[in-house]
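Right, one structure below, let's go through it.
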Amino acid sequence: MSISRVVITGLGVVSPLGVGIDFNWHRLLDNYSGIVPLDQSEYAGIPCQIAGRVPISSENKNQDGSLNFSNYFSRMSDLKSMSLASAFALVAAHEAIEQSQILLESKDRTRIGVSIGNGMAGIANTCTILDQTKTKGLYRGMSPFYITQILPNSSAGHVSIRYKLQGPNLCNSSACAAGVQAIGDGYNMIRLGHADAMICGGTEATINPITISGFARMRALSTTFNEQPKFASRPFDRQRDGFVMGEGAALLILERLECAEKRGATIFGEILGYGLSADASHITNPSGIGALNCMKNALDNAKLNIEDIGYINAHATS
29 MSISRVVITG
39 LGVVSPLGVG
49 IDFNWHRLLD
59 NYSGIVPLDQ
69 SEYAGIPCQI
79 AGRVPISSEN
89 KNQDGSLNFS
99 NYFSRMSDLK
109 SMSLASAFAL
119 VAAHEAIEQS
129 QILLESKDRT
139 RIGVSIGNGM
149 AGIANTCTIL
159 DQTKTKGLYR
169 GMSPFYITQI
179 LPNSSAGHVS
189 IRYKLQGPNL
199 CNSSACAAGV
209 QAIGDGYNMI
219 RLGHADAMIC
229 GGTEATINPI
239 TISGFARMRA
249 LSTTFNEQPK
259 FASRPFDRQR
269 DGFVMGEGAA
279 LLILERLECA
289 EKRGATIFGE
299 ILGYGLSADA
309 SHITNPSGIG
319 ALNCMKNALD
329 NAKLNIEDIG
339 YINAHATS
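My numbering puts the first residue of the sequence shown at 29, with every later residue one more than the last.
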């Protein structure tokens, strides 16, 4: 069996910088920070008082890149049936699909799949339910959508349902590696002939008092720069004191090279290889051997030498 080459033909993003690939790129060039104070009363007493939040607005026309869900959902009531992470994923998928134009030209949707990773995307819904059940009781305070909101595979499922994609539907929950692992899983689906295209990436929306408190108790979050949020994330600095929690979604359209060329798609890049490993050391303090093995595996898979690499995207959790 021949192994297919896999290319990228679409990109979509929702981040604390705003919505859209171009908007995010220009904000990066302008040195803009999406890290903001957590000034709501529910965060009082938590040592970390900052996070990277997606700017959400109800304005129909805004120039600041804020996310207006009414631009992506014909019925706002649909948002009640899903987690915020799933909503972010649908917005990112919309941009990626529009950019690639793949659904206009691909007739067989059984050959297009979805692979989206997340860590604990539905935890905010659990926090909401706990608050409701305190006053209404367990059953009356329970939402009929709660279970489907917290399932890790819900984001991939919502994207699949919206666009009627009947190819492989995958989800992994490998913490900070979930998004890139989802891309790798999608890449392998295409290489091995299980799909012609995959919508792949990650989504997360875990900024709430429970998770901020939990990570703060682990002493994992930055606490020194609460008054200067934009200076808090500094993973390679001597004054680093923890990471800054963020939220958002980023998705790619991966496509078999032959299919992309046949329809004249714009190709942004090619995935040459992918590696996996386990550190097998400590749940929050890895030894680094796992990362080294993973990079070696990726190089071997891509048949590249270390000298061929010009950029390393570090995990860098400070």
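Note that the Cβ used here is the ideal one computed from N, Cα and C, for glycine as well.
* Asked: With C-beta atoms as the reference, is I238 less than 7 angstroms away from C76?
  -> Within the sequence shown, residue 238 is the residue found at index 210, counting from 1. Within the sequence shown, residue 76 is the residue found at index 48, counting from 1. Their beta carbons are not under 7 angstroms apart, which means I238 does not touch C76 by this criterion.
* Asked: Is DSSP giving E232 helix, strand or coil here?
  -> Your numbering for residue 232 matches position 204 in the sequence shown. E232 falls in the strand class under three-state DSSP.
* Asked: Name the DSSP beta bridge partners of P257, please?
  -> The residue labelled residue 257 in the question sits at position 229 within the sequence shown. Note: P257 sits in no beta bridge, so no partner.
* To do: Quick one: give me the first and last residue of the beta strand (DSSP E) that T37 is part of.
  => Counting from one through the sequence shown, the residue named residue 37 turns up at place 9. Looking at the DSSP string, the run of the beta strand (DSSP E) that includes T37 is 34 to 43.
* Asked: Is the beta carbon of I281 less than 7 angstroms from the beta carbon of A288?
  -> Reading the sequence shown from its first residue, position 253 is the one you call residue 281. Reading the sequence shown from its first residue, position 260 is the one you call residue 288. Not a contact, by the Cβ cut-off of 7 angstroms.
* Asked: Is it right to say N333 is buried, meaning 16 or more other beta carbons lie within 10 angstroms of its own, or is it exposed?
  -> The residue given as residue 333 occupies position 305 in the sequence shown. The residue in question, N333, is exposed, as its Cβ has fewer than 16 Cβ neighbours within 10 Å.
* Asked: Taking the DSSP output, what are the residues bridged to F271?
  -> Taking the first residue of the sequence shown as 1, we reach residue 271 at position 243. Note: F271 sits in a beta bridge opposite L249.
* Jot down the residue ranges of each uninterrupted beta strand (DSSP E) in the segment 279 to 343, minimum 3 residues, whole runs only, in chain order. => 297 to 299
* To do: Measure the beta-carbon distance from A349 to V42 and round it to whole angstroms, keeping in mind my assumption that it falls under 8 angstroms.
  => With the chain covering 29 to 346 only, the question about residue 349 has no answer from this structure.
* Asked: Relative to the alpha-carbon of L95, which residue among I78, F116, K108 has its alpha-carbon at the smallest distance?
  -> The residue given as residue 95 occupies position 67 in the sequence shown. Among I78, F116, K108, the Cα nearest to that of L95 belongs to F116.
* Boundaries (first-last residue) of the alpha helix (DSSP H) holding G185 -> For this step, residue 185 is matched to residue 157 along the sequence shown. Looking at the DSSP string, the run of the alpha helix (DSSP H) that includes G185 is 182 to 191.
* Leaving out five residues before and five after Y60 in sequence, what residues of the same chain have Cβ atoms less than 8 angstroms from its Cβ? -> Working through the sequence shown from its first residue, we reach residue 60 at position 32. Excluding sequence neighbours, Y60 sits near L45.
* Should E298 go down as buried or exposed, given a rule of 16 or more other Cβ atoms within 10 Å for buried? -> Walking along the sequence shown from the start, residue 298 turns up at place 270. The residue is exposed, with fewer than 16 neighbouring Cβ atoms inside 10 Å.
* **Limits of the alpha helix (DSSP H) - the one that G147 falls within** => To locate residue 147, count along the sequence shown from 1; it is residue 119. Where G147 is concerned, there is no enclosing alpha helix (DSSP H), given that its DSSP letter is neither H nor E.
* Excluding five sequence neighbours on each side, which residues of the same chain lie with their C-beta closer than 6 angstroms to the C-beta of S188? -> Within the sequence shown, residue 188 is the residue found at index 160, counting from 1. Cβ neighbours of S188 beyond the five flanking positions: V142, N197.
* To do: Could you say which of D159, R55, I144 lies nearest to E70 if we only look at CA atoms?
  => Position 42 of the sequence shown, counted from the first residue, corresponds to residue 70. Per the Cα distances, D159.
* To do: Would you decide whether I211 is buried or exposed? Buried here means 16 or more other CB atoms lie within 10 Å of its CB.
  => By one-based count along the sequence shown, residue 211 stands at place 183. Buried, by the Cβ-count rule.
* Starting from the Cα of L320, find the closest Cα among A342, T312, D336 and give me that residue. => As a position in the sequence shown, residue 320 is number 292, starting the count at 1. Checking every option, the nearest Cα to that of L320 belongs to A342.
* To do: Give the range of the beta strand (DSSP E) segment to which V82 is assigned.
  => By one-based count along the sequence shown, residue 82 stands at place 54. No beta strand (DSSP E) contains V82, which DSSP labels as neither H nor E.
* Can you list, in chain order, the residues of its chain whose CB lies under 6 angstroms from that of R214, leaving out five sequence neighbours each side? -> Translated into the one-based positions of the sequence shown, residue 214 becomes position 186. Here residue 214 turns out to be Gly, not Arg, going by the sequence shown. Taken in chain order, the residues that qualify are S143, M226, C228, L282.
* What residues in its chain sit with their C-beta under 7 angstroms from that of S305, if we drop five residues either side in the sequence? -> Indexing the sequence shown from 1 puts residue 305 at position 277. Closer than 7 angstroms at Cβ, skipping near neighbours: G318, N321, C322, N325.
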